[in-house]
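>
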Amino acid sequence: MAMMRSLYRSICFTSLCFSSATVNHHCRPPFTMAIGSTRFFSEDVTHFPDIKDPEILFVFKDLMAASWDELPDTLISDANKALSKNTDDKAAQEAVANVFRAAEAVGEFSGMLVSLRMAIDDSTGMGGEDVKPLPEEFVNALRTVYQRYTAYLDAFGPEETYLRKKVETELGTKMIHLKMRCSGIGSEWGKVTVLGTSGLSGSYVEHRA
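In this text, residue positions in the sequence shown follow full-length UniProt numbering: the first is 1, and each later residue adds one.
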């Protein structure tokens, strides 16, 4: 139980940073992360910013295509070069910086989602052999997770639709994994989308309390 309280406090702290990431995107520095994998992100989904500098455009597209669980060191290096280069396309550099900050917030929040899911698995058993009502700490953590998730998505302006959809892509699957672990956690969870994922779209399976 002490571990769950600690996890809940961590979720509250991290999600506060997560929900404010968009508000602070004009003053926060770029971040660094470790080696990861790459996924494809279609530009047809939404309109990207008008980036005229070809080097910055290349980095921007690579960032949008990469998994935000962990970014490759080479991509981080390329992005830092693009951000520090002397260019007249300052708006393009700001767009790349914004993607960096969103990726940092999503990476941290993703870790909390995985930790919460694992804590629920430990409590109920992977196969649901110890079915029981969720402790209050879990209920509060799930409520906080959903509130911060929706608040962060709502913080993106109309010109940042591409960034909002990327966040939905990165977090949607992990949010659905949480929903699949629990029933009766609120009908609002049915609104969570899994844009860009396969095998999870459509109706959502609710397993155990």
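We treat Cβ as the ideally placed atom computed from N, Cα and C, and that holds for glycine.
If contact is defined by three or more beta carbon pairs under 8 Å, each pair taking one atom from either stretch, is the segment 91-103 in contact with the segment 159-168?
A contact exists between the segment 159-168 and the segment 91-103.
> Counting Cβ pairs, one atom from each stretch, are 3 or more of them under 8 Å apart for the segment 53-65 and the segment 82-100?
yes
> How about Asp78 and Phe58: are their beta carbons less than 9 Å apart?
Position 78 of the sequence shown holds residue 78. Position 58 of the sequence shown holds residue 58. Cβ atoms of Asp78 and Phe58: closer than 9 Å.
> Under 9 Å, do Ser123 and Leu113 count as touching if we go by C-beta distance?
As a first step, residue 123 must be located in the sequence shown, where it is residue number 123. As a first step, residue 113 must be located in the sequence shown, where it is residue number 113. No, they are not a contact pair.
> Taking the C-alpha atoms as reference points, what is the distance between Ala65 and Val139?
Here residue 65 corresponds to residue number 65 of the sequence shown, with the count starting at 1. Here residue 139 corresponds to residue number 139 of the sequence shown, with the count starting at 1. Cα to Cα, Ala65 sits roughly 34 Å from Val139.
> Report the CB separation of Leu178 from Leu142 in whole angstroms; it is logged as a contact under 8 Å.
Position 178 of the sequence shown, counted from the start, is the residue given in the question as residue 178. Position 142 of the sequence shown, counted from the start, is the residue given in the question as residue 142. Yes, they are in contact, since the Cβ atoms of Leu178 and Leu142 sit about 7 Å apart, within 8 Å.
> In chain order, what residues of the same chain have a beta carbon less than 8 Å from the beta carbon of Ser110, not counting five sequence neighbours either side?
In the sequence shown, counting from the first residue as 1, residue 110 sits at position 110. Trp68, Asp69, Glu170, Leu171 and Lys174, listed in sequence order.
> Let's see if you can read the secondary structure: which residues bound the alpha helix (DSSP H) around Asp50?
Residue 50 sits at position 50 when you count from the first residue of the sequence shown. No alpha helix (DSSP H) holds Asp50; DSSP gives it neither H nor E.
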